[in-house]
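J.: Using my numbering, read the sequence shown as starting at 3 and increasing by one per residue. My structure is below; once you've seen it, I'll send some questions.
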Amino acid sequence: DVTPDMTIAREEIFGPVLTIIGAKDEADAVKIANDTPYGLAGYVSADTVESARRVARQIRAGNVNLQGVPNDRTAPFGGYKQSGNGREWGKYGLEDFLEVKAVAGFNAA
């Protein structure tokens, strides 16, 4: 019986752990999901794909998987809030390894 105020519901856990918290409705579920200082990943299961997409747009996490679909390794991976703002994988992950240079007057010669 996990409640939203418990540590296991509020902290990032890296391991095979599943907690289930009941919600009154969709808005309450989103409120519970976002009531944490972390936001690395979330998972949404719903009766329709449209419902899952609607909820996913409201979840403050860097990655949200819908209906049990596995991670896409070409999509950017990273968190929100205290889970960090950097990104790995995909186009956004490569940006950390690039250096931008501005050259003024390049076309002047």
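Where a beta carbon is used, it is the ideal one built from N, C-alpha and C, also for glycine. Nothing here was measured: the structure is a model prediction, and the numbers come from that model.
For residue 138, does the three-state DSSP call read helix, strand or coil?
T.: Residue 138 is absent from the structure shown; the chain starts at 3 and stops at 111.
J.: Return helix, strand or coil for residue 65, following the three-state DSSP convention.
T.: For the purposes of this step, residue 65 is identified with residue 63 of the sequence shown, where counting begins at 1. Strand, per DSSP.
J.: Is there contact here, the segment 43-60 with the segment 86-94, by at least three beta-carbon pairs under 8 Å?
T.: Output reads no: the segment 86-94 does not touch the segment 43-60.
J.: Identify the continuous beta strand (DSSP E) that holds residue 77 and give its terminal residues.
T.: The residue you call residue 77 lines up with position 75 of the sequence shown. Segment: none, residue 77 is in no beta strand (DSSP E) and carries neither H nor E.
J.: Under the rule that 16 or more other beta-carbon atoms within 10 Å means buried, what is residue 61, buried or exposed?
T.: Translated into the one-based positions of the sequence shown, residue 61 becomes position 59. Answer is buried; the Cβ neighbour count reaches 16.
J.: On a Cα-Cα basis, can you pick out the residue from 83, 25, 69 and 99 that is closest to residue 14?
T.: As a first step, residue 14 is located in the sequence shown; it is residue number 12 there, counting from the start. For the residues 83, 25, 69 and 99, the minimum Cα distance to residue 14 belongs to 83.
J.: Which residues bound the beta strand (DSSP E) around residue 44?
T.: Working through the sequence shown from its first residue, we reach residue 44 at position 42. Run containing residue 44: 43-46, per the beta strand (DSSP E) assignment.
J.: Where does residue 109 land, buried or exposed, given buried means 16+ other C-beta within 10 angstroms?
T.: Numbered from 1 along the sequence shown, position 107 holds the residue referred to as residue 109. By the 10 Å Cβ count, residue 109 comes out exposed.
J.: If I measure Cβ to Cβ from residue 79 and keep anything under 8 Å in the same chain, skipping five residues before and after, which residues do I get?
T.: Stepping through the sequence shown from its first residue, residue 79 is reached at position 77. These residues qualify, in order along the chain: 64, 65, 73, 89, 90, 91, 92 and 95.
J.: By a C-beta neighbour count over all protein chains shown, 10 Å radius and 16 as the cutoff for buried, is residue 29 buried or exposed?
T.: On the sequence shown, residue 29 is found 27 positions in, with the first residue counted as 1. Flag for residue 29 reads exposed.
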